[in-house]
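Read through the structure below, which is laid out as structure tokens, and then see the notes.
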Amino acid sequence: MSTPNGFPQHSRVCLTRSMEGGAVQDLQAKKAGKAAKKEAGGGGAPPKIGTPISETLKLLPEELKANMKIKSITPRPPRKPRLERAASLDEKSWRKWRRFRTSQESLTDPNETSSSNGSLQEASPSPPSRGRASPCHPCCPQDPLHSSPDALEASPGGKSRGGASDLGKRASEISSAFGGLLRGKGFAGGKPRLSQIMPARPLPPVELNVASHSLRTANRIDSDCLDYRHYSQHKFGRVSSSLSDSRLQGNGTLYDNCSTDSMKSTFSLLTPIRAKDVRSRSYLEGSLLASGALLGAEELSRYFPDRNIGIFVATWNMQGQKELPVNLDDFLLPTDPDFAQDMYVIGVQEGCPDRREWEIRLQETLGPHYVLLHSAAHGVLYMSVFIRRDLIWFCSEVEYATVTTRIVSQIKTKGALGICFTFFGTSFLFITSHFTSGDSKVNERKLDYNKTIQALTLPKNVPDTNPYRSSSSDVTTRFDEVFWFGDFNFRLNKDRETVDSILNQNPDTDVSKLLLYDQLTSEMSRGSIFKGFQEADIHFRPSYKFDIGKDSYDTTSKQRTPSYTDRVVFRSRYKDDIQAVKYSSCPVIKTSDHRPVFALFRVKVRPGRDNIPLAAGQFDRELYLIGIRRRITRELQKRLEQKDQKSSSICSIS
Numbered sequence: 046m047s048t049p050n051g052f053p054q055h056s057r058v059c060l061t062r063s064m065e066g067g068a069v070q071d072l073q074a075k076k077a078g079k080a081a082k083k084e085a086g087g088g089g090a091p092p093k094i095g096t097p098i099s100e101t102l103k104l105l106p107e108e109l110k111a112n113m114k115i116k117s118i119t120p121r122p123p124r125k126p127r128l129e130r131a132a133s134l135d136e137k138s139w140r141k142w143r144r145f146r147t148s149q150e151s152l153t154d155p156n157e158t159s160s161s162n163g164s165l166q167e168a169s170p171s172p173p174s175r176g177r178a179s180p181c182h183p184c185c186p187q188d189p190l191h192s193s194p195d196a197l198e199a200s201p202g203g204k205s206r207g208g209a210s211d212l213g214k215r216a217s218e219i220s221s222a223f224g225g226l227l228r229g230k231g232f233a234g235g236k237p238r239l240s241q242i243m244p245a246r247p248l249p250p251v252e253l254n255v256a257s258h259s260l261r262t263a264n265r266i267d268s269d270c271l272d273y274r275h276y277s278q279h280k281f282g283r284v285s286s287s288l289s290d291s292r293l294q295g296n297g298t299l300y301d302n303c304s305t306d307s308m309k310s311t312f313s314l315l316t317p318i319r320a321k322d323v324r325s326r327s328y329l330e331g332s333l334l335a336s337g338a339l340l341g342a343e344e345l346s347r348y349f350p351d352r353n354i355g356i357f358v359a360t361w362n363m364q365g366q367k368e369l370p371v372n373l374d375d376f377l378l379p380t381d382p383d384f385a386q387d388m389y390v391i392g393v394q395e396g397c398p399d400r401r402e403w404e405i406r407l408q409e410t411l412g413p414h415y416v417l418l419h420s421a422a423h424g425v426l427y428m429s430v431f432i433r434r435d436l437i438w439f440c441s442e443v444e445y446a447t448v449t450t451r452i453v454s455q456i457k458t459k460g461a462l463g464i465c466f467t468f469f470g471t472s473f474l475f476i477t478s479h480f481t482s483g484d485s486k487v488n489e490r491k492l493d494y495n496k497t498i499q500a501l502t503l504p505k506n507v508p509d510t511n512p513y514r515s516s517s518s519d520v521t522t523r524f525d526e527v528f529w530f531g532d533f534n535f536r537l538n539k540d541r542e543t544v545d546s547i548l549n550q551n552p553d554t555d556v557s558k559l560l561l562y563d564q565l566t567s568e569m570s571r572g573s574i575f576k577g578f579q580e581a582d583i584h585f586r587p588s589y590k591f592d593i594g595k596d597s598y599d600t601t602s603k604q605r606t607p608s609y610t611d612r613v614v615f616r617s618r619y620k621d622d623i624q625a626v627k628y629s630s631c632p633v634i635k636t637s638d639h640r641p642v643f644a645l646f647r648v649k650v651r652p653g654r655d656n657i658p659l660a661a662g663q664f665d666r667e668l669y670l671i672g673i674r675r676r677i678t679r680e681l682q683k684r685l686e687q688k689d690q691k692s693s694s695i696c697s698i699s
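Just so you know, the sequence shown maps onto residues 46 to 699 in the working numbering.
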């Protein structure tokens with residue numbers, strides 16, 4: 046309940062009692078002053094107003110010193126300035142204040158004069174004394190005998206000596222000195238218990254970082270977020286997560302500045318996007334170096350700081366077998382190098398009858414991190430392009446074209462299939478081919494090559510990134526990076542016995558003697574085929590012709606000579622844009638008379654413009670779901686088999 050003047054009822058009673066107690070104390074002080082005057086007889090000059098407390102105590106008469114006790118009191122000064130004592134009018138603070146007034150040890154026991162959160166120190170300037178209540182207004186004077194560290198208490202007789210005016214002056218000095226203590230000033234002759242040292246500026250909030258150290262973002266600030274910290278401090282006052290709170294400072298939690306300085310989200314690796322960028326950003330127009338362009342330099346550097354991507358290119362002649370390998374991990378995911386590639390391009394000649402099943406198996410092997418960007422077929426020629434699912438937004442529309450090299454065009458066993466698209470600002474062309482077979486038909490294979498580069502009509506709608514270096518008679522000149530792979534059917538110009546003897550002498554990787562008789566190597570050195578193309582060094586055994594299911598070469602009556610028929614070659618508009626990392630075969634897959642051949646590349650990518658037709662994240666969703674379900678089912682079956690195997694190993698002996 047409140048009174049008409051605005052104070053609570055119990056607060057008014059408390060003030061009245063305090064004033065009554067103060068009046069009694071003043072009467073006792075006056076009596077003591079008169080007695081002191083009579084005994085002192087005016088002896089001793091009054092001290093100056095500005096003298097320190099230690100000198101004031103020295104000026105007291107000897108008799109008064111003999112009958113006085115000096116007691117050191119441990120004050121509990123507040124953390125905030127004294128002007129904030131007006132907050133003590135709160136009902137809860139007044140209730141706590143009254144408890145301290147009634148306590149007999151409130152001035153000496155530090156446990157009674159402080160609380161765990163320091164709210165009482167903020168509410169009151171000092172613990173109230175027994176004789177007189179502390180004033181509730183900063184202008185009200187305090188009782189010097191009960192608020193100073195070196196207060197003087199009366200003798201057991203209750204009479205002190207000295208003039209009342211002298212005691213009043215000294216009391217004002219002691220009070221001012223105690224006020225200096227509250228402001229952080231010490232005084233000589235005592236060992237006061239000072240308050241905790243507070244910093245001049247508020248400490249930064251403690252960050253509760255819910256992300257583990259391994260998930261924190263890099264310490265590099267993105268170029269489009271350099272001013273994000275300054276903007277956030279100006280707009281919001283500080284940059285921190287919503288979990289930052291002063292209540293967390295007591296749990297010992299620390300945070301490291303790396304995640305804050307990098308201007309990345311605490312909960313993900315994604316870069317924050319400004320609202321103005323969301324409003325103004327357009328993916329349909331822009332220049333090469335435009336800020337915020339989807340295919341621009343900033344976005345490219347964010348995903349590929351070194352501007353190089355990893356590409357896996359493979360070719361395999363399946364021989365039309367219906368049976369697919371049980372496991373494709375060794376083929377698509379070799380253990381060297383340790384990391385998977387960003388793009389997988391697989392070309393097949395004489396593919397299996399069920400092309401969809403083959404693509405499902407590829408998706409099942411690559412897993413949920415990859416999606417089928419595009420696939421195409423030309424008779425029994427298949428090509429599938431898989432890409433990491435977070436990179437599909439940077440691809441243009443995918444285009445493809447086919448060429449038949451047989452005289453009868455209806456028989457599509459020999460020919461070429463090309464797929465092209467632009468990734469950021471770099472155009473790619475992938476061609477898989479099956480040239481004419483036969484040991485001596487080198488000229489026919491060169492004709493197949495010439496027909497392919499002239500008849501393959503690509504690109505169609507996607508613009509050429511550098512039309513000044515393009516030729517209308519050669520499709521490979523119209524793209525930045527070209528990969529050509531397949532069963533080229535070039536053989537070794539040597540008899541079977543000589544080839545076997547060389548293989549037996551060098552069973553490991555030294556095949557340099559065999560390559561001296563390789564038809565393709567010889568024709569490329571003359572410039573009659575694959576002009577401008579390169580091939581990585583070969584360190585694997587010939588990929589053709591094996592007995593199905595075995596590691597031995599042809600043991601039939603034909604006794605075909607082992608040869609390097611399956612190859613991967615590449616060319617680039619710019620020097621050193623393509624670096625071959627690995628070139629090998631997969632000997633563990635034995636379902637065909639050919640061994641799969643693959644190559645790993647590091648390819649430089651350049652920023653592009655946003656004015657090209659984009660694929661807009663399109664991929665084969667149905668294939669993705671089927672492949673993931675297959676993968677989960679396979680894992681469950683493995684676990685069930687392991688469980689059954691463990692249970693069957695337990696037997697009883699009777």
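We put the CB at the ideal spot given by N, CA and C, even for glycine.
How many whole angstroms separate the CB atoms of ARG401 and ALA422, which I take to be in contact at a CB cut-off of 8 Å?
-> Within the sequence shown, residue 401 is the residue found at index 356, counting from 1. Within the sequence shown, residue 422 is the residue found at index 377, counting from 1. Going by Cβ atoms, the distance from ARG401 to ALA422 rounds to 10 Å, so no, they are not a contact pair.
If you run the structure through DSSP and keep just helix, strand and coil, what is MET569?
-> The residue labelled residue 569 in the question sits at position 524 within the sequence shown. MET569 falls in the helix class under three-state DSSP.
Coarse secondary structure for ARG352, derived from DSSP in three states | On the sequence shown, position 307 is the one that residue 352 refers to. Reduced to three states, the DSSP call for ARG352 is coil.
For VAL614, which residues from the same chain have a beta carbon less than 6 Å from its beta carbon, with the 5 sequence-adjacent residues on both sides left out?
-> As a position in the sequence shown, residue 614 is number 569, starting the count at 1. If we look at VAL614 and ignore the five residues flanking it on each side, its Cβ neighbours are TRP529, PHE575, PHE578 and GLU580.
Tell me whether VAL358 sits in a helix, a strand or coil according to DSSP, three-state version.
-> Taking the first residue of the sequence shown as 1, we reach residue 358 at position 313. Note: VAL358 maps to strand in three-state DSSP.
How big is the Cα-Cα spacing for LYS9 and VAL323?
-> Residue 9 is absent from the model: the chain starts at 46 and stops at 699.
Would you call the region 461–475 and the region 420–440 touching, i.e. three or more CB-CB distances under 8 Å?
-> yes
contact_flag[the region 383–402, the region 353–372] where n(CB pairs < 8 Å) is 3 or more | yes
Any idea if ALA320 is buried or exposed, counting beta-carbon neighbours within 10 angstroms, 16 or more meaning buried?
-> Taking the sequence shown and counting its residues from 1, one reaches residue 320 at position 275. With fewer than 16 Cβ atoms within 10 Å of its Cβ, ALA320 is classed as exposed.
Between THR410 and ARG676, what straight-line distance do the alpha-carbon atoms span, to the nearest angstrom?
-> Residue mapping note: residue 410 aligns to position 365 of the sequence shown, counting from 1. Residue mapping note: residue 676 aligns to position 631 of the sequence shown, counting from 1. About 8 Å.
Report the three-state DSSP secondary structure of GLN187 (helix, strand or coil).
-> As a position in the sequence shown, residue 187 is number 142, starting the count at 1. With a pLDDT of only 45 at GLN187, under 50, the local geometry of the prediction cannot be trusted, and the value read off the model is given with reservation. In the structure shown, GLN187 sits in coil (DSSP, three-state: anything other than H, G, I, E or B).
Under the three-state reduction of DSSP, which class applies to ASP582: helix, strand or coil?
-> For the purposes of this step, residue 582 is taken as the residue at position 537 of the sequence shown. Looking at ASP582 - three-state DSSP - the assignment turns out to be coil, as it is neither helix nor strand.
Which runs of the alpha helix (DSSP H) spanning at least 4 residues fall entirely within the region 446–500, listed in chain order?
-> 487–500
Tell me whether SER517 sits in a helix, a strand or coil according to DSSP, three-state version.
-> Stepping through the sequence shown from its first residue, residue 517 is reached at position 472. Of the three classes helix, strand and coil, the one that applies to SER517 here is coil, per DSSP.
Could you spell out where the alpha helix (DSSP H) holding PHE384 opens and where it closes?
-> Against the sequence shown, residue 384 aligns to sequence position 339. Taken as a continuous stretch (DSSP letters only), PHE384 belongs to no alpha helix (DSSP H), as it is neither H nor E.
Exposed unless 16 or more other CB atoms sit within 10 angstroms - verdict on THR477 = For the purposes of this step, residue 477 is identified with residue 432 of the sequence shown, where counting begins at 1. Looking at its Cβ environment, which holds 16 or more other Cβ atoms inside 10 Å, THR477 is buried.
Residues sharing a beta bridge with VAL392, DSSP = Indexing the sequence shown from 1 puts residue 392 at position 347. The sequence given here has Gly at residue 392, not Val. GLY392 is bridged to THR360 and MET428.
Can the beta-carbon of GLY672 be found closer than 8 Å to that of GLN366?
-> Position 627 of the sequence shown, counted from the first residue, corresponds to residue 672. Position 321 of the sequence shown, counted from the first residue, corresponds to residue 366. No, they are not a contact pair.
Can you give the Cα-Cα distance for LEU293 and GLU344, rounded to whole angstroms?
-> What you label residue 293 is simply residue 248 of the sequence shown in a count that begins at 1. What you label residue 344 is simply residue 299 of the sequence shown in a count that begins at 1. The predicted position of LEU293 is uncertain, since its pLDDT is 37 and thus under 50; a value taken from the coordinates is nonetheless stated next. One C-alpha to the other measures close to 37 Å.
State buried or exposed for LYS590, treating a residue as buried only when at least 16 other CB atoms are found within 10 Å of its CB.
-> In the sequence shown, the residue the question calls residue 590 occupies position 545. Classification for LYS590: buried.
DSSP three-state assignment for ARG612, whether helix, strand or coil = Here residue 612 is taken as the residue at index 567 of the sequence shown, counted from 1. It is a strand residue.
Roughly how many whole angstroms lie between the Cα atoms of LEU685 and GLN663?
-> Here residue 685 is taken as the residue at index 640 of the sequence shown, counted from 1. Here residue 663 is taken as the residue at index 618 of the sequence shown, counted from 1. Going by the C-alpha atoms only, they are around 36 Å apart.
Please name the residue in LYS459, PHE535 and HIS414 whose C-alpha comes closest to that of HIS479.
-> For the purposes of this step, residue 479 is taken as the residue at position 434 of the sequence shown. Among LYS459, PHE535 and HIS414, the Cα nearest to that of HIS479 belongs to LYS459.
Among ARG406, SER429, ARG536 and SER602, which has the Cα closest to the Cα of ASP374?
-> Position 329 of the sequence shown, counted from the start, is the residue given in the question as residue 374. If we check each option's Cα against that of ASP374, ARG406 comes out closest.
According to DSSP, is LYS691 helix, strand or coil?
-> If you number the sequence shown from 1, residue 691 lands on position 646. The answer is helix: DSSP assigns LYS691 an H, G or I state.
Close-in-space but distant-in-sequence residues of the same chain around PRO398 (CB under 7 Å, 5 per side omitted) = Residue mapping note: residue 398 aligns to position 353 of the sequence shown, counting from 1. LYS367, listed in sequence order.
Taking buried to mean at least 16 other C-beta atoms within 10 Å of its own C-beta, is LYS688 buried or exposed?
-> Locating residue 688 in the sequence shown gives position 643, counting from the first residue. So LYS688 ends up on the exposed side.
Measuring CB to CB, does MET428 end up less than 8 Å from ILE452?
-> Indexing the sequence shown from 1 puts residue 428 at position 383. Indexing the sequence shown from 1 puts residue 452 at position 407. No, the Cβ-Cβ distance between MET428 and ILE452 is not below 8 Å.
Which whole runs of the beta strand (DSSP E) in the region 632–683 are 3 residues long or more, in chain order?
-> 642–649
Leaving out five residues on either side along the sequence, give the residues of the same chain with a beta carbon under 7 Å from the beta carbon of ASP622.
-> Within the sequence shown, numbered from 1, the residue matching residue 622 stands at position 577. Only GLU526, VAL648 and LYS649 meet the Cβ criterion.
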